[in-house]
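Comments concern the structure below.
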Amino acid sequence: MKRFSVVSTVMVLLVAGSAFAKTLMLEGKLDSAIAMRQQMEFSVDQGSVQSFTFRFALPADFQNKSVNQNVNALSTRFDPQPTTSTVEKDRFGNQFQKVVWNNISNNIRINLSYTANIHSELSAMESRTPFPIGKVAGGDAVYLKSTEMVQSESPEISELAQRLTSGSKNEYEAVTAITNHVADAIKYTFNPPKYDALYTLQTKSGNCQNFAHLNIALLRSVGIPARIVGGITLKDSWKVPIDARSSIVQSMGQGGHAWMEIYFPDLGWLSYDPQQSRQFTSSRHIKQTHGLDSRDINDTWRGAPYLPRYSELIEGSFKSDDIQLKVKNSGKDPRPYIISNLVATRTSAVSGGQEPNDDAIPSIEDQEKEKTAKRKADRDRVAREQAEQERLKKERLKAEQLVKQKTEEERKALERSQRERAAKERAEAERQAQLRATEEREARERVERERLAREKVESERIAKSKTEAEKRARDKAEKERVAKLRAEHLAAETARIKTLKIKKPAQGTQLVFGNMEFPNLVNGYSVQGDTGTRILDKETSEYVTSQYIFAQAFNLKDALDLDKVSLAMRKFGGDGTVYLDLVKDEGGKPNILAGMRSDLVSLEKISRKPGYYWVDFSFPHDDQSRLKPGKYWIVLRYSGEAIMNWFYIPGKPYSDSDDTRSTAKGFQWEDILNFDFVFKVAGKAI
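Quick note on numbering: my numbering labels position 538 of the sequence shown as 551, and the sequence is numbered without any gaps.
Right, here's the structure in full:
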């Protein structure tokens, strides 16, 4: 029996399992300069090739609100020299280099080198776009088109998109509902037979092209423009600190990759990686092309009388890499960790496609301005009236003095004059009375017209409010109906499950479980007839015999007499041994003080060959190998100079979001990884 123990005077801090949210909203930047080298090779090994044409994408300069990519020192070298070489621009603005060779009998090599300067800025945004977003103007409307790979008009796609976005008040909510669903519902698989959206929806599986196509189809179905992006991702991981002790580690394989861009009328095109990030992509993403679907963005080649075999090598060396990030907020969905920036939304009261109401109630600021102006007008009017009264008073005093000073004649003349003036005044008064009567009549008519106009506007407003209220009521009723149906279905399913007799496996039954699907080799291209197409997929594995220790969790439902644990690995060289510690969980992390150790596996006994394969780690049969139900951790360890990789599946297809970890400090397990390692556990039921 082999056990392991740890004796130490260091106080071990037992930290409770993390309860972090699944969407981390960040502030900061990723600023990198990367020296890139791509080598593409075609093996001419079945005789001469009479004609061969290769069309490959060139890296792009682009900028949106979050990402700025600049490419310089771009250089291409060919061996042998081609017959012709031209740079073409397609209808989407992508640049492809088209190269032609004739009568080739040696291997063809293309070397592409450049420096990519990528700045990803994570700062708060605000979007005021309502949902539905209304009519899309200009050239962006082309990205609403349904295609053979993006079947946005399919009833299955449309029904799901409508259901996911039924409660969305603005575009951001609708986009988040769709991307969350795809992140949770689709399992990453390698070498899928198809890449279209319907296949992805029906099988709930696929690679990065499938993830992008399904997201784009759902978005286009509800009127949101979206387009696929083709490019390269680099294997260099980057960390997001979530507290003083822990980080989320973001990793991707190195090679071709597909992601997407989504259009917001008030923000423009924003970068989204369905498996990693929203509103931005990291400085490990190098964009080359974009289009309606993957057929617009992939490299292609044609040859006769046969197609040479394709291979590629991608290398990226960071000349600078400045990462400054901090968590500002968080959200609870989806299940895998997704990285985002802060987005504030303010939904307009006007629905998409309608014009704003000119008779809308003025703002408080406008009302205050109106009150101030009215008070000033009242003060001016009172001042004018007081001045007029003073003037009249002075005239009366002057008249009285004149009356006293004048003679009788003057008095009579004055009386005569007064009589004449009185007559004139009466005439003027009558004329003024008639004018006032006319003005009052016109004023009454104007007031009546204004009253009728206000009543009409109010009537229209009430009718519009009633219509909107009825729509909200219908939407609420529909949401409640769907929720009720889900609840009824869940209750029925729960009741059905309770009626079932859950049978424990019989004692001695051989049990095998785990995250067991992986390719021996990842296909880099596909062939149809005389045409080859590069597939945007890549090997995803972690160099696990480094300074870090890696661990993968699993849950055991029934008691098990453990026989062995197998990992999908590849040996690259070195010497020494590899082995496993199988330990219990404590607070969401491996408890290295409670477990057992496998037999040692010498690297000499592990074949060095292409691809990935199972490496078995057997355990001694004793009391410790009889595992009780619960959560356990597989911890990989090594001795000597072993050089081995452990294959992983992007996302969290098997375990919970915090169930893949690494540590550089022996016991803290401070890093949470955004993938699931491939493994299987074998034993007999107890």
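Here a beta-carbon is modelled for each residue, glycine too, at the ideal position from N, C-alpha and C.
When only Cα atoms are considered, residue 617 and residue 567 end up about 29 Å apart.
Comparing alpha carbon positions, the residue from 552, 545, 526, 596 closest to residue 571 is 526. Nearest neighbour of residue 343 by Cα position, chosen from 256, 463, 294, turns out to be 256. Proximity to residue 138 across 293, 157, 164 peaks at 293, based on C-alpha coordinates.
In the DSSP annotation of this structure, the continuous segment of the beta strand (DSSP E) that includes residue 658 starts and ends at 656-663. Straight through space, the alpha carbons of residue 651 and residue 189 are spaced by roughly 42 Å. Per the coordinates, the alpha-carbon of residue 619 lies some 8 Å from the alpha-carbon of residue 628. Beta bridge pairing from DSSP links residue 682 with no other residue. Membership of residue 213 in the alpha helix (DSSP H) is indicated by the continuous run 210-216. For residue 634, there is no enclosing beta strand (DSSP E), as DSSP marks it with neither H nor E. Nearest to residue 532 by C-alpha distance, out of 283, 204, 231, 558, is 204. Judged by beta-carbon spacing, residue 146 lies beyond the 8 Å limit of residue 347, meaning their Cβ atoms are not closer than that value. The closest CA to that of residue 494, considering only 179, 153, 183, is found on 179. In this structure, residue 284 lies near residue 80, with their beta-carbon atoms less than 8 Å apart. Taking 3 residues as the shortest admissible run, the segment 287-353 contains the following complete beta strand (DSSP E) segments, listed from N- to C-terminal end: 298-304, 313-317, 322-344. The three-state reading of DSSP puts residue 565 in strand, counting E and B together. For residue 577 and residue 597, the gap between their C-alpha atoms comes out near 16 Å. The C-alpha of residue 43 lies about 28 Å from the C-alpha of residue 305. Residue 565 counts as buried, since at least 16 other C-beta atoms from the protein chains shown sit within 10 angstroms of its C-beta.
Residue 229: not part of any beta strand (DSSP E); member of the alpha helix (DSSP H) spanning 221-234, first to last residue.
Remark: C-beta atoms of residue 167 and residue 211 approach each other more closely than 8 Å.
Two segments are said to touch when three or more pairs of C-beta atoms, one from each, lie closer than 8 Å; by this definition the segment 51-63 does not touch the segment 101-110. Residue range 121-135 is occupied by the beta strand (DSSP E) that includes residue 135. For residue 54, the uninterrupted beta strand (DSSP E) segment begins and ends at 36-56. DSSP, reduced to helix, strand and coil, places residue 151 within a helical segment of the structure shown.
Between residue 352 and residue 37, the CB-CB gap stays under 8 Å.
At the C-beta level, residue 476 and residue 310 stay beyond 8 Å of one another. Around the beta-carbon of residue 297, 16 or more other beta-carbon atoms lie within 10 Å, marking it buried.
Here residue 241 carries a strand assignment [DSSP, helix/strand/coil]. Residue 184 holds the alpha-carbon nearest to the alpha-carbon of residue 281 among 184, 200, 198. Between the C-alpha atoms of residue 447 and residue 460 there is a straight-line separation of about 20 Å.
A distance below 8 Å between beta-carbons, with the five flanking residues on each side excluded, links residue 128 to the following residues of its chain, in chain order: 46, 47, 48, 49, 84, 85, 86, 332. Going by DSSP, residue 184 is part of the alpha helix (DSSP H) stretching over 184-198.
Under the three-state reduction of DSSP output, residue 641 falls in the coil class, being neither helix nor strand. Put simply, the segment 95-105 does not touch the segment 130-137. Fewer than three CB pairs are less than 8 Å apart. Among the bridge pairs identified by DSSP, residue 77 is matched with none.
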